[in-house]
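One structure is given below, encoded as structure tokens.
4 protein chains.
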Amino acid sequence: MAIVAINMVPLGMGPSVSKYVAAAEKVIVNRPGIKRELGPMFTTLEGDLDEIIQAIREMQEAVFETGVDRVITTIKIDDRRDKKATMQEKLASVNAKLAE
Amino acid sequence: MAIVAINMVPLGMGPSVSKYVAAAEKVIVNRPGIKRELGPMFTTLEGDLDEIIQAIREMQEAVFETGVDRVITTIKIDDRRDKKATMQEKLASVNAKLAE
Amino acid sequence: MAIVAINMVPLGMGPSVSKYVAAAEKVIVNRPGIKRELGPMFTTLEGDLDEIIQAIREMQEAVFETGVDRVITTIKIDDRRDKKATMQEKLASVNAKLAE
Amino acid sequence: MAIVAINMVPLGMGPSVSKYVAAAEKVIVNRPGIKRELGPMFTTLEGDLDEIIQAIREMQEAVFETGVDRVITTIKIDDRRDKKATMQEKLASVNAKLAE
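Protein chains in written order, with the numbering used here: chain A, 1 to 100; chain B, 1001 to 1100; chain C, 2001 to 2100; chain D, 3001 to 3100.
So this is what it looks like as structure tokens:
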């Protein structure tokens, strides 16, 4: 189980890029086995790392299919093997300590 | 106005780091002039870029004050000058296109 | 052809991590079809994107095999389809403009 | 002493961006107190963290001054307080272990 944050920036398509972000998001919305949280800078995914990486590759190709020539993709992977950490548990753990 | 995602990883303090993340978050919770969204991988901030950078420096020092020797900080800045883009507007723009 | 920067941070193994970085680098040194440039913060790879992603997965597993429980991996992909851009061409292009 | 990797992506200016990268680099070339290493994905800087952050802000403004409306900046900071780690020492430490 891994938690993966992803950001894609299409180059050469004007300062507004939500249309291209949406094209990528359509690949991952309701994708079986992968939880998704859309954020203002990153979309965060939770699930099997190799399935997530496969989905990211499809998200990239979906952006190229809109006519974009160059895409800068930033990925941050939190892969933990000593325990199964979910997005919710990470948030709850920090919030609990903030409440102390 | 900028939108800034930040992630801090303290090195050498065990695989669980929420205690150190919380120490950094305490600096930014309810900080005047800066909107904050805690996420599973990044905390996203919205406000004046230089005020946000000042807050990030204080967040870093708060982590060092817990006894950490080394901190890896990842920052992603979306600075737009043609229009005032908020976190909510970015999300709404993508969600609207997803609903089409 | 893509250019990919990668950084791996093992958590819970002390502030010095070069031993774990080296374990990952051993996977990619002299790997056929992938050019490699070791930098102070990122290792930059050049080649077929899917081959590079496969290599990155092996690099991650090599770090886990040293006994690490948690690895934070940051990846930045520059994937360009309008022309074949190499690491050297990107550097030469910037340096040429710096010399103007 | 910190080591900081920085990448800037101007949005809306075509797929080729070396002209804008060069505008930012001009701010940091031969800057007193800051060592610089230009890489294919990141420029890596070494020096006092607050001086580096000030330089980064000037690099961002230099890109806006070329007429760009939106800039995505990715920054990765390695700040170590238990010993003074330079770019060269980090590389030497990994290369030494690769040679074992």
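Ideal Cβ positions, reconstructed from N, Cα and C, are used throughout, including at glycine.
Computed from a predicted structure; not experimentally measured.
- Shown here for T43/A: same chain residues with a beta carbon closer than 6 Å to its own, the five before and five after excluded, namely I6 in chain order.
- Annotated three-state conformation of D48/A is coil, per DSSP.
- Between the region 2074-2087 of chain C and the region 66-77 of chain A, the count of Cβ pairs shorter than 8 Å is three or higher; the stretches touch.
- Cβ contact annotation for K84/A (same chain, cutoff 7 Å, sequence separation greater than five): M1, in chain order.
- Listed by position along chain D, the residues whose Cβ is nearer than 9 Å to that of V2071/C form an empty set, because the closest Cβ is around 16 Å away.
- N2095/C carries a helical assignment under DSSP once its states are collapsed to helix, strand and coil.
- When rounded, the separation of the alpha-carbon atoms in G3033/D and V3021/D is 21 Å.
- Contact between E2037/C and M2087/C holds: CB atoms are separated by about 6 Å, below the 8 Å threshold.
- Each of E3065/D, E3058/D, G3047/D, N3095/D was checked against the Cα of K3035/D, and the nearest Cα belongs to G3047/D.
- Where E25/A is concerned, the enclosing alpha helix (DSSP H) starts and stops at 18-28.
- Shown in chain order are the members of the region 1072-1087 of chain B whose Cβ falls below 7 Å from a Cβ of chain D: I1072, T1073, T1074, I1075, K1076, I1077, D1078, D1079, R1080, R1081, D1082.
- Legend: CB atoms of the region 2028-2061 of chain C lying less than 7 Å from CB atoms of chain B are not found in any residue.
- About 11 Å separates the beta carbon of K76/A from that of P1040/B, a gap too long to meet the 8 Å contact definition.
- With 16 or more neighbouring CB atoms inside 10 Å of its own CB, T1074/B falls in the buried class.
- For E58/A, same chain residues with a beta-carbon under 7 Å away, outside a window of 5 residues either side, are V27 in chain order.
- With its beta carbon less than 8 Å from one in chain C, G1014/B belongs to the interface.
- At least one C-beta of chain A is nearer than 8 Å to the C-beta of A1022/B.
- Per the C-alpha coordinates, the member of M1008/B, V1094/B, G1012/B positioned closest to A1023/B is M1008/B.
- In the three-state reduction of the DSSP assignment, K84/A falls in the coil class, being assigned neither a helical nor a strand state.
- DSSP places E2100/C outside any beta strand (DSSP E), giving it a letter other than H or E.
- For M2001/C, no beta strand (DSSP E) segment is defined, and its DSSP state is neither H nor E.
- Ranked by how close their Cα comes to the Cα of Q1060/B, the residues G1014/B, E1025/B, M1013/B, E1100/B have E1025/B in first place.
- In chain order, V1027, I1028, R1031, I1034, L1045 place their CB closer than 8 Å to the CB of A1055/B, counting only its own chain and leaving out the 5 sequence neighbours on each side.
- Here the alpha carbon of S2093/C sits roughly 16 Å from the alpha carbon of P3010/D.
- It is roughly 8 Å from the alpha-carbon of S1018/B to the alpha-carbon of K97/A.
- With a cutoff of 8 Å on beta-carbon distance, P15/A and G3012/D are scored as near each other.
- The C-beta separation of I2003/C from I53/A comes to about 18 Å, leaving the pair out of contact by the 8 Å criterion.
- In the DSSP assignment, E37/A falls within the beta strand (DSSP E) that extends over 35-38.
- A residue is called buried when at least 16 other Cβ atoms come within 10 angstroms of its Cβ; A62/A meets this threshold and is buried.
- The alpha-carbon of N3095/D is positioned some 32 Å away from that of T1066/B.
- The Cβ of V3063/D sits no closer than 8 Å to any Cβ of chain A.
- Contact note: V2009/C reaches chain B through V1009, L1011, I1072, using a C-beta cutoff of 8 Å and chain order.
- For V17/A, the chain D residues whose Cβ falls inside 7 Å of its Cβ are L3011, in order along the chain.
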